[in-house]
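Participant:
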Amino acid sequence: MKIAIVGAGWAGLAAAVKAVQRRHEVTLFEMASTLGGRAKTVQTHGQRRDNGQHILIGAYHHTLDLMRELGVDIPQALHRIPLCLIDPNGSGLALTTTSSPTAFAMAVLHHDAWKWSSRLALLRESVRWALSGFKCSEDLSVEALTRGLPQEVRQGLVDPLCVAALNTPPARASARVFLRVLRDALLTGRGSADLLLPSRPLGDLLPLPALDWLQRHGAEVKLRQRVASLERSGAGWQLCGGHFDGVILACSAKEAARLAQDHDPDWYRLASQIPHESITTIYLRCVGARLKAPMTFLPRGPAQFAFDLQAMGHASGGFAFVISAADEFSRAAGDYIEGPYPATLEGAVRSGQFAVEGLVGNISAMQNTIPNRGNS
Ligand SMILES: Cc1cc2nc3c(=O)[nH]c(=O)nc-3n(C[C@H](O)[C@H](O)[C@H](O)COP(=O)(O)OP(=O)(O)OC[C@H]3O[C@@H](n4cnc5c(N)ncnc54)[C@H](O)[C@@H]3O)c2cc1C
């Protein structure tokens, strides 16, 4: 089958690799001059720079598997540390060994800055979430889910975890998605909650290895080519002068809505209503300065996290400050439409791979119902 993929962010790249592995003929269209979308490396002032600081966690199994398939040396590309949410004074929750439910419980019990009643309340609540299968009603917010926890636990753990994992403040973040991430981090094998901090530019983690892999496997990658419209053509689609049996929209929700407007009004309405949360990274240089940990939580803001880039394997004196979900800044984080994951790299990779499975299933079903499909 001939498949067009619109957008070469991590979702489009994951979809392209999956479709080629399923032996389809793939053309990938990207309107920018660089691959990677919202997680890419650009050349600026003669230097390679990431468009924004990213973190992965050990539970990003689909992303890590894909990177391995593309030949990325994971230990070299990602600096792995046990989950650690400490403030600039070094106080906070820090797992001492690679993560597991027991390591989490031990870290909570040893967190001297919290009262004993707070530590026990968190453990009790965690057990309750585990017993409910980490599930809750769909419209519950993280704030509502954790209202019963002591304030020091919410401020020291829930709030930073929520902003880091979901890029949304607890009052607006989905408790269902939060619990899903928590479940995967604590229960999907040793190291799932570990923080994986990029020690290579983002472009080297997936976009460039994917480009190399796709080109070696015969896929066509068209940079600087914006897909302006999508037309029905028999049982397939016409775009950018080519005919395709199927199309995957791996672009932003707004662009996907625009392209689908004439073909699926219900989906157009849904996609055009998806709000974005902003996320901003400020890079600073201060030679000689160091932080107590590679990633530090800043409880007093305006940034929520500071990264010591030297501790992650980059040149000395580099720091990144991340301001999440701050509406006054530009609107730019990932989209989330369906599936268990929030707008993250893992969500993007999973959605790209999921789209290939869904598309191929749909086309096969359609072709089975169309007579003389060889001519259509
Ligand atoms: C600053 C920042 C920090 C982040 N931090 C983290 C983090 O720490 N951890 C984490 O997991 N996630 C993080 N995210 C979120 C993560 O980057 C995104 O969820 C993910 O990159 C989205 O990938 P995507 O492929 O779905 O979309 P995108 O990356 O937006 O890719 C869409 C692509 O489609 C292209 N396109 C759009 N329209 C067209 C068209 N008509 N024709 C052709 N091409 C088109 C765009 O140019 C773009 O390249 C962060 C995001 C930002 C912005």
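To get this note's numbering, take the position in the sequence shown, counting from 1, and add 140. For glycine and all other residues, C-beta sits at the position ideal for the given N, C-alpha and C.
For the alpha helix (DSSP H) containing V160, name the first residue and the last one.
Facilitator: From DSSP, the alpha helix (DSSP H) with V160 extends over W150 to Q161.
Participant: Are there 16 or more other CB atoms within 10 angstroms of the CB of L271, so buried, or fewer, so exposed?
Facilitator: Classification for L271: exposed.
Participant: Rounded to whole angstroms, how far is the Cβ of M452 from the Cβ of L346, which I believe are closer than 8 angstroms?
Facilitator: About 17 angstroms separates the two Cβ atoms, so there is no contact after all.
Participant: Applying the criterion that 16 or more other CB atoms from any shown protein chain within 10 Å of the CB defines a buried residue, is R471 buried or exposed?
Facilitator: Any reading at R471 must be qualified, since the residue scores a pLDDT of 32, below 50, and its modelled position is unreliable; the value itself is stated next. R471 comes out exposed.
Participant: Using a 10 Å radius around the Cβ and a threshold of 16 neighbouring Cβ atoms, would you call E170 buried or exposed?
Facilitator: So E170 ends up on the buried side.
Participant: Look up K394 in the DSSP assignment and say whether it is helix, strand or coil.
Facilitator: K394 falls in the helix class under three-state DSSP.
Participant: May I have a chain-ordered list of the alpha helix (DSSP H) segments no shorter than 4 residues that lie completely inside the stretch 401-480?
Facilitator: The stretch 401-480 contains these whole alpha helix (DSSP H) runs: 405-412.
Participant: Where does L326 fall in DSSP's three states?
Facilitator: Reduced to three states, the DSSP call for L326 is helix.
Participant: Count the other CB atoms within 10 Å of the CB of E486; is the residue buried (16 or more) or exposed (fewer)?
Facilitator: Buried: at least 16 other Cβ atoms inside 10 Å.
Participant: Answer yes or no: the CB of I332 versus the heavy atoms of ligand 1, is any distance below 8 angstroms?
Facilitator: At residue 332 the sequence reads Ser, which differs from the Ile that was named. Answer for S332: no, Cβ out of range of ligand 1.
Participant: Report the rounded CA-to-CA distance for G186 versus S418, giving the unit in angstroms.
Facilitator: Roughly 27 angstroms separates the two Cα atoms.
Participant: Would you say the stretch 365-374 touches the stretch 249-264, given that touching needs at least three Cβ pairs under 8 angstroms?
Facilitator: With a cut-off of 8 angstroms, the stretch 249-264 and the stretch 365-374 do not count as touching, because too few Cβ pairs lie within range.
Participant: In chain order, what residues of the same chain have a beta carbon less than 7 angstroms from the beta carbon of V367, not counting five sequence neighbours either side?
Facilitator: These residues qualify, in order along the chain: V146, F169, L379, C380 and L399.
Participant: Report buried or exposed for T242, applying the criterion of at least 16 other Cβ atoms within 10 angstroms of its Cβ.
Facilitator: Its Cβ having fewer than 16 others within 10 Å, T242 is exposed.
Participant: Quick one: Cα of L223 to Cα of F437, how far?
Facilitator: Rounded to whole angstroms, L223 to F437 spans 12 angstroms at the Cα level.
Participant: Excluding five sequence neighbours on each side, which residues of the same chain lie with their C-beta closer than 8 angstroms to the C-beta of K255?
Facilitator: Counting only Cβ-Cβ distances below 8 angstroms, and skipping sequence neighbours, we find P290 and E292.
Participant: Could you pull out every residue in the same chain whose Cβ sits closer than 6 angstroms to the Cβ of A433, ignoring the five residues on either side in sequence?
Facilitator: Excluding residues within five positions, the ones whose Cβ falls inside 6 angstroms are C224 and I226.
Participant: With a threshold of 8 angstroms, establish whether the CB of F169 neighbours any heavy atom of ligand 1.
Facilitator: At least one heavy atom of ligand 1 is nearer than 8 angstroms to the Cβ of F169, so yes.
Participant: Between which two residues does the alpha helix (DSSP H) carrying H201 extend?
Facilitator: Note, H201: alpha helix (DSSP H), H201 to E209.
Participant: For Y200, is the beta carbon positioned less than 8 angstroms from some heavy atom of ligand 1?
Facilitator: Y200: yes, Cβ under 8 angstroms from ligand 1.
Participant: Excluding the five sequence neighbours on either side, which residues of its own chain have a C-beta within less than 7 angstroms of the C-beta of Q355, listed in chain order?
Facilitator: Taken in chain order, the residues that qualify are V361.
Participant: In three-state terms, what does DSSP make of W254?
Facilitator: In this structure, W254 counts as coil in the three-state DSSP scheme.
Participant: Using 10 angstroms around the beta-carbon of A473, count the other beta-carbons present and answer buried if the total reaches 16, otherwise exposed.
Facilitator: Residue placement at A473 is poorly supported in this model, since its pLDDT is 39, which falls under 50; the coordinates are not used for a value here.
Participant: What residue range is occupied by the uninterrupted beta strand (DSSP E) comprising C224?
Facilitator: From DSSP, the beta strand (DSSP E) with C224 extends over C224 to I226.
Participant: Secondary structure at L389, three-state DSSP: helix, strand or coil?
Facilitator: Strand, per DSSP.
Participant: Between S491 and ligand 1, is the CB less than 8 angstroms from at least one heavy atom?
Facilitator: Checking the Cβ of S491 against ligand 1 gives yes.
Participant: By DSSP, does R294 sit in helix, in strand, or in coil?
Facilitator: Reduced to three states, the DSSP call for R294 is helix.
Participant: For S392, tell me which candidate among A151, M141 and I143 has the shortest Cα-Cα distance.
Facilitator: Cα-wise, what sits closest to S392 is A151.
Participant: Taking the continuous beta strand (DSSP E) assigned at T184, which residues delimit it?
Facilitator: Its beta strand (DSSP E) spans residues T181 to T184.
Participant: Have a look at G444 and D299 and give me their C-alpha separation to the nearest angstrom.
Facilitator: For the record, residue 444 in the displayed sequence is Gln; it is not Gly. C-alpha separation (whole angstroms): 10 angstroms.
Participant: Is A148 a contact residue of ligand 1, with contact defined as CB to any heavy atom under 8 angstroms?
Facilitator: For ligand 1, at least one heavy atom lies less than 8 angstroms from the Cβ of A148.
Participant: Ends of the beta strand (DSSP E) at V166?
Facilitator: That run of the beta strand (DSSP E) goes E165 to F169.
Participant: Can you name the residues that DSSP bridges to K362?
Facilitator: F169.
Participant: Using 9 angstroms as the threshold, is the C-beta distance between V166 and A156 below it?
Facilitator: Against a cut-off of 9 angstroms, the Cβ pair of A156 and V166 comes out as a contact.
Participant: Is it the case that the CB of G177 approaches a heavy atom of ligand 2 more closely than 8 angstroms?
Facilitator: Although ligand 2 was asked about, the structure shown includes only ligand 1 as ligands.
Participant: Quick one: grab the DSSP three-state call for P482.
Facilitator: Residue state, collapsed to three classes: coil.
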